[in-house]
Amino acid sequence: MRTPFDLQDALCAEMSKLFQGFPLRDSGGNLTKLKVYAQDLPETETDDETDTDPAPYCIVKLVDGTA
Numbered sequence: 264m265r266t267p268f269d270l271q272d273a274l275c276a277e278m279s280k281l282f283q284g285f286p287l288r289d290s291g292g293n294l295t296k297l298k299v300y301a302q303d304l305p306e307t308e309t310d311d312e313t314d315t316d317p318a319p320y321c322i323v324k325l326v327d328g329t330a
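The sequence shown begins at 264 in this note's numbering and counts up by one.
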């Protein structure tokens, strides 16, 4: 049986694959690949947000787990 989490994982993988050859600029102006996260941004270890700026990123979020 497939679950909404299986769909979320598949969408994350597909988004990463689609944007693989499409570099974007980060907040510092450097070209980098798109980061794809499931549900939310990862927790950061420090309080300094400039060191852990995740941009550019995409979040694949489950809003409701029902079909």
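All C-beta atoms in this analysis are idealised placements derived from N, C-alpha and C, irrespective of residue type, glycine included.
Annotated as distal: residue 297 and residue 304, with beta-carbon spacing of 8 Å or more. When secondary structure is reduced to three states using DSSP, residue 276 falls in the helix class.
Taking a C-beta distance under 8 Å as the contact criterion, residue 271 and residue 323 qualify as a contact pair. Looking at 295, 267, 317, the one whose alpha-carbon comes closest to that of residue 283 is 295.
Here the alpha carbons of residue 268 and residue 277 stand approximately 14 Å from one another.
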